[in-house]
């Protein structure tokens, strides 16, 4: 069976799908994400699977699933938003096929990788100054430094790209509601917002303000009004992005922002 862009399938047996599991990429409260290979086209995708959600009916999960599909389709023209390629329902399993499968992982992993690379580069430079160093050590340092500059460039560009991406999202009358490094992907040096499972489309409401207990939030990155269950709107996304900016800055300039 072949699946084209924009397709939605409802089938009983998922074994007929062309997707082969490559590895697990992570999981959240309501879904898991996997790297899959389309055996027909040999292209890799990320697959977000909604399944085994305790305490929720299949009807609730389907509503959550359809909400994310609707929002991602609204955002399909964004340069800094992951694309929805296809969707399917197989028995009780609902899945989104996402493109691209980010080659740099999420921003949290990328920043940790940059920290690790900095340490490896420092250790290599120390070793190169010993009597045991050789030409291969110098070659390794050059390779590490080249990679460091590439990652540094990506992190510095992320400030403008994330601001531009969020501006686009808000212009489509969408509130993301859970901006954090784990929901930002890195692919070929570009940053992409992902995970719109709890996002709000307020196009029919006329305003982005909501009240009451949030469906979900990440305390480390949420605005005070979100944590306090107070009135909140699109500016809460901007606060969360500011927290992400602080972490990127701390990665680029260790010691500049005090630990708390």
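Residue numbers (the UniProt record's numbering): 1 to 260. We put the beta carbon where it would ideally sit given N, CA and C, even for glycine.
Close Cβ partners of residue i (< 8 Å) along its chain, the five nearest in sequence each way excluded
{"i": "residue 121", "result": "141, 144, 145, 148"}
{"i": "residue 22", "result": "34, 35, 36, 37, 44"}
{"i": "residue 174", "result": "71, 74, 75, 196, 199, 200, 201, 202"}
{"i": "residue 131", "result": "Reliability fails at residue 131, whose pLDDT of 46 lies under 50, so the model's placement of it is uncertain and the value that follows must be treated cautiously. None."}
Assigned exposure category for residue i - 16 Cβ within 10 Å defines buried
{"i": "residue 139", "result": "exposed"}
{"i": "residue 136", "result": "exposed"}
{"i": "residue 253", "result": "exposed"}
{"i": "residue 1", "result": "exposed"}
{"i": "residue 213", "result": "exposed"}
{"i": "residue 176", "result": "buried"}
{"i": "residue 226", "result": "buried"}
{"i": "residue 156", "result": "exposed"}
{"i": "residue 68", "result": "buried"}
{"i": "residue 41", "result": "exposed"}
{"i": "residue 215", "result": "exposed"}
{"i": "residue 17", "result": "buried"}
{"i": "residue 104", "result": "buried"}
{"i": "residue 102", "result": "buried"}
{"i": "residue 126", "result": "exposed"}
Beta-carbon proximity of residue i to residue j, cut-off 9 Å
{"i": "residue 192", "j": "residue 80", "result": "yes"}
{"i": "residue 198", "j": "residue 228", "result": "no"}
{"i": "residue 111", "j": "residue 218", "result": "no"}
{"i": "residue 209", "j": "residue 233", "result": "yes"}
{"i": "residue 48", "j": "residue 89", "result": "no"}
{"i": "residue 245", "j": "residue 162", "result": "yes"}
{"i": "residue 93", "j": "residue 50", "result": "yes"}
{"i": "residue 14", "j": "residue 91", "result": "yes"}
Contact set for residue i: own chain, Cβ-Cβ below 7 Å, skip 5 residues either direction
{"i": "residue 85", "result": "5, 45, 97, 98, 99"}
{"i": "residue 282", "result": "The first residue shown for the chain is 1 and the last is 260, placing residue 282 beyond what the model contains."}
Going along the chain, which unbroken runs of the beta strand (DSSP E) with 3 or more residues stay wholly within the stretch 146 to 228?
You should have 184 to 187, 190 to 193.
Runs of alpha helix (DSSP H) wholly within the stretch 227 to 258 (minimum 4 residues, chain order):
Entirely contained in the stretch 227 to 258, the alpha helix (DSSP H) runs reaching 4 residues are, in chain order, 235 to 252.
May I have a chain-ordered list of the beta strand (DSSP E) segments no shorter than 3 residues that lie completely inside the stretch 77 to 130?
Within the stretch 77 to 130, the complete beta strand (DSSP E) runs of at least 3 residues are 83 to 90, 93 to 99.
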